[in-house]
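Visitor: Going from the first sequence to the working numbering is simple: count from 1 and add 29.
One structure, as structure tokens, below. Some questions next.
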Amino acid sequence: MALRTHNCGELNKNHIDQTVKLSGWVNSIRTHGQIIFIDLRDRFGKTQIILNSDELIKIGKTLSNEDVVFIEGKVSSRSKDLINPDLETGEIEVLVKKMIVLSNAEPLPMSIQDRDASSEEHRLKYRYLELRNNDLQKNIIIRHNTAQTVRNFLSDNKFLEIETPVLMKSTPEGARDYLVPSRVHNGRFYALPQSPQMYKQLFMISGLDRYFQIVKCFRDEDLRSDRQPEFTQIDLEMSFVDEKDVRLIVEKLLTKVFKEVINIELKEFPILSYHDAIEKYGTDKPDLRFGITIEDFKTFSNKSGFKAFSDCESVRIISVPNSEFFSRKIIDELDSYAQSLGAKGLAWFKVNNNEFSGGISKFFDSNLTKEIIDNLKLEDNSICFMIGDKLNTSLQVLGKIRSKVGDLLELKDNSIFSPVWIVDFPLFSWNEETKRYDSVNHPFTAPKDSDLGDVTSNPSEVISKGYDIVINGYEVAGGSIRIHDHSLQKDIFKIMDLSDKEISEKFGFFIDALKYGTPPHGGIAFGLDRLVMLLAGVSNIRDVIAFPKTTSASALMEEAPNLVSEEQLDELGIKILDDEKNV
RNA sequence: GGGGUAGUAGUUCAGUUGGUUAGAACGCCGGCCUGUCAAGCCGGAGGUCGCGGGUUCGAGUCCCGUCUAUCCCGCCA
């Protein structure tokens, strides 16, 4: 017996008088004695079905929400006053002739209709139920459409989808690895990939020319609302390309994805240097949906009577509209936020009628006030926030204040998408703790050709061929042109303070591979989850993943991670030490 | 590792300066109801106040510890 001829979202007035079969979940029941209305639901929609014979009403009275039923009946038109405009199928209803209960549902531990009606802890435990929710299904569908569009586009552009190993060798740099013990090789471990970086470069060496993969990656670090321990990358790599070639294909891909998935035209892909991004926005992930840039205030604060700033390495300022919004309470909250980020405090004054008021305004005389307003083009009715500290601190903290203010003033419009390329990253950063240079991107990133001479002599000044694409403050993708010269690659590892022995133990196979004819190549990796977050207009990565983990990397439904049997541990040669506290 | 917020009925929440039998809504169970669409009306059941300890004549409420979730800092090449 066919369980359905149509789904619950497709019937309309063109089907009137047809006999149809539907199956789905009971979304709601409205009992009126001799007539019962049921909204029957599946992934595709809801259809109102009607029970009005004694026999059917007897069954109907036993039904409860989320029972799964089959019905056969006749599509009937609704009179004008009975049409439900909120339903795709609202012009019709189905008069049931036959009904079979396929599966009874016990009372649910949570609401299907309203996600907010349960705590997230609870929803994650019953995630299979939450996944019945329409909003969450929409996100899953956006994710599917995104992946599908990416596959089609890249395949059309001669990229090959090739899988890479999930059990690989642990590499020392970067995030903490998830490790997998080997049974066959006792005491040895695989690592789960943080990304397929080396494999995809090896594909270029193999002459596969263009590769992509939609692939799970794993990083054992503490989580945030936009980070999961396992996440998905759209990973791609191309041979015989420079930065511009990669940027171009990425722009085409993103344009196509935004158009096909949410019908948005992306037009501009401005390019901002890392240096300018930090100077103007205090971050390498600037949200360009709204203005407000960081300016230098040191020369002005030096002329003022405010001595707390006089010994600071730098003093920076942002000017924010709507000063009346910033009550003492809100300013105090921003001040504690700034302090929690490591600033000594957040200085402020308001600008009204060409005068400063509040905060530290009394330290500025009228001449200086005029000079500041003219030079920084301060608008009337604005409020300025200043931080004096080390350069990095004042920029970073003001960058976060800028973002927070954008939230408070609702300047972040989710229907606007502002992509921006961030380029010209430094190749290395000095790590004060370990007293050595770290890669800003990863150790395979090529330096700019013009900086090749400085690589060993003056590492901290070298600029890389790296690029990130940032949309609305989220780093959506990052990549680089790679090193294709094996001796340069060795030099880079040496600058990072790896000995010859370490280099050969950890990267020997890769350095070797570079010797046998390596094309210039480069690529990029997208965070698929973050991209889908943007497309779906949500701010939480768990809302775009079917079965996400909590902030402590637990799976609440199946309760992973968990203990394993002594036998399993014995086979692996693993002994669990007592908790530190009990030792 | 550090800081903020939360944990009370199946679910979401309220619960005053510590004081009688811990309340509401939705859901659930029973009844009425032929045009509802988050149906309505009447009645009912349902609680180890996250867990452990302490203060007190008396703790949901105060104190200490702990667990879980979440947001942020560190961390995430």
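Think of the CB as a built atom: it goes at the ideal place given N, C-alpha and C, for glycine as much as any other residue.
Source: prediction; values computed, not measured.
Which same chain residues, not among the five before or five after Arg248, have their C-beta less than 6 Å away from its C-beta?
Guide: For the purposes of this step, residue 248 is identified with residue 219 of the first sequence, where counting begins at 1. For Arg248, where only same-chain residues beyond five positions count, the Cβ hits under 6 Å are Ala204 and Gln223.
Visitor: Can you tell me the Cα-Cα spacing of Glu408 and Phe354, whole angstroms?
Guide: The residue you call residue 408 lines up with position 379 of the first sequence. The residue you call residue 354 lines up with position 325 of the first sequence. Going by the C-alpha atoms only, they are around 15 Å apart.
Visitor: Spatial neighbours of Ser330 within its chain, please: C-beta separation below 6 Å, excluding the five flanking residues on both sides.
Guide: The residue given as residue 330 occupies position 301 in the first sequence. The residues are Phe338 and Val344.
Visitor: In whole angstroms, what is the alpha-carbon distance linking Thr60 and Trp54?
Guide: Locating residue 60 in the first sequence gives position 31, counting from the first residue. Locating residue 54 in the first sequence gives position 25, counting from the first residue. Using only the alpha carbons, I get a separation of about 17 Å.
Visitor: Quick check: what's the CA-CA separation for Glu587 versus Asn56?
Guide: Mapped onto the first sequence, residue 587 falls at position 558. Mapped onto the first sequence, residue 56 falls at position 27. Those two C-alpha atoms are separated by around 26 Å.
Visitor: Inspect the beta-carbon positions of Asn487 and Leu563 and report whether they are closer than 8 Å.
Guide: Locating residue 487 in the first sequence gives position 458, counting from the first residue. Locating residue 563 in the first sequence gives position 534, counting from the first residue. For Asn487 and Leu563, no; Cβs fall outside 8 Å.
Visitor: Given that a residue counts as buried once 16 or more other Cβ atoms are within 10 Å of its Cβ, and exposed if not, what is Trp377?
Guide: Taking the first residue of the first sequence as position 1, residue 377 is located at position 348. That one is buried.
Visitor: If I follow the unbroken beta strand (DSSP E) through Asn56, where does it start and stop?
Guide: As a first step, residue 56 is located in the first sequence; it is residue number 27 there, counting from the start. Thr48 to Thr60 is the span of the beta strand (DSSP E), which, as asked, contains Asn56.
Visitor: Looking at the secondary structure, which residues open and close the beta strand (DSSP E) in which Gly74 lies?
Guide: Position 45 of the first sequence, counted from the first residue, corresponds to residue 74. Its beta strand (DSSP E) spans residues Gly74 to Leu80.
Visitor: Since Met525 and Ser468 should fall inside the 8 Å C-beta cutoff, what is the C-beta to C-beta distance between them, to a whole number of angstroms?
Guide: In the first sequence, counting from the first residue as 1, residue 525 sits at position 496. In the first sequence, counting from the first residue as 1, residue 468 sits at position 439. Right, their Cβ atoms sit about 7 Å apart.
Visitor: What distance in whole Å lies between the Cβ atoms of Thr118 and Asn41, which are believed to be in contact at a cut-off of 8 Å?
Guide: Numbered from 1 along the first sequence, position 12 holds the residue referred to as residue 41. Numbered from 1 along the first sequence, position 89 holds the residue referred to as residue 118. So it is a contact: roughly 6 Å between Cβ atoms.
Visitor: Give me the Cβ distance between Leu601 and Arg217, rounded to the nearest whole Å; I'm assuming they're in contact under 8 Å.
Guide: The sequence position of residue 601 within the first sequence is 572, counting from 1. The sequence position of residue 217 within the first sequence is 188, counting from 1. Their Cβ separation, rounded to whole angstroms, is 10 Å, which puts Leu601 and Arg217 out of contact at 8 Å.
Visitor: Apart from the five residues just before and just after Lys336, which ones in its own chain have a Cβ nearer than 8 Å to its Cβ?
Guide: If you number the first sequence from 1, residue 336 lands on position 307. Contacts found: none.
Visitor: Classify His513 as helix, strand or coil using the three-state DSSP reduction.
Guide: What you label residue 513 is simply residue 484 of the first sequence in a count that begins at 1. Looking at His513 - three-state DSSP - the assignment turns out to be coil, as it is neither helix nor strand.
Visitor: Taking its Cβ as the centre, do 16 or more other Cβ atoms sit within 10 Å of Met233, making it buried, or is it exposed?
Guide: Sequence index remark: in the first sequence, residue 233 carries index 204 (1-based). Buried is the call here.
Visitor: In the structure shown, what three-state DSSP assignment does Met139 receive?
Guide: Residue numbering aside, residue 139 sits at position 110 when the first sequence is read from its first letter. Met139: coil per DSSP, three-state reduction.
Visitor: Ignoring anything shorter than 3 residues, give me the beta strand (DSSP E) runs that lie fully in the region 348-415, in order along the chain.
Guide: Segments of the beta strand (DSSP E) lying fully in the region 348-415: 376-381 and 384-386.
Visitor: Could you tell me which residues DSSP puts in a beta bridge with Thr474?
Guide: For the purposes of this step, residue 474 is identified with residue 445 of the first sequence, where counting begins at 1. Arg511.
Visitor: Excluding sequence positions up to five away, which residues of its chain have a Cβ less than 7 Å from the Cβ of Trp459?
Guide: Counting from one through the first sequence, the residue named residue 459 turns up at place 430. Result list for Trp459: Tyr466 and Ser489, in chain order.
Visitor: To the nearest whole angstrom, what separates the beta carbons of Val380 and Ser352, a pair I think is in contact under 8 Å?
Guide: If you number the first sequence from 1, residue 380 lands on position 351. If you number the first sequence from 1, residue 352 lands on position 323. With 8 Å as the limit, Val380 and Ser352 qualify as a contact, their Cβ atoms being about 7 Å apart.
Visitor: Roughly how many angstroms separate the alpha carbons of Arg152 and Ser583, rounded to a whole number?
Guide: Within the first sequence, residue 152 is the residue found at index 123, counting from 1. Within the first sequence, residue 583 is the residue found at index 554, counting from 1. Looking at the two C-alpha atoms, the distance is approximately 14 Å.
Visitor: By DSSP's criteria, Pro448 is part of a beta bridge. Which residues make up the other side?
Guide: The residue given as residue 448 occupies position 419 in the first sequence. Looking at the DSSP assignment, Pro448 forms a beta bridge with Ile500.
Visitor: Could you tell me which of Ser411, Ile498 and Glu289 sits nearest to Ser348, measuring between CA atoms?
Guide: If you number the first sequence from 1, residue 348 lands on position 319. That would be Ser411, whose Cα lies nearest to the Cα of Ser348.
Visitor: Would you say Phe392 and Gly482 are within 8 Å of each other, going by their C-beta atoms?
Guide: Position 363 of the first sequence holds residue 392. Position 453 of the first sequence holds residue 482. Cβ atoms of Phe392 and Gly482: not closer than 8 Å.
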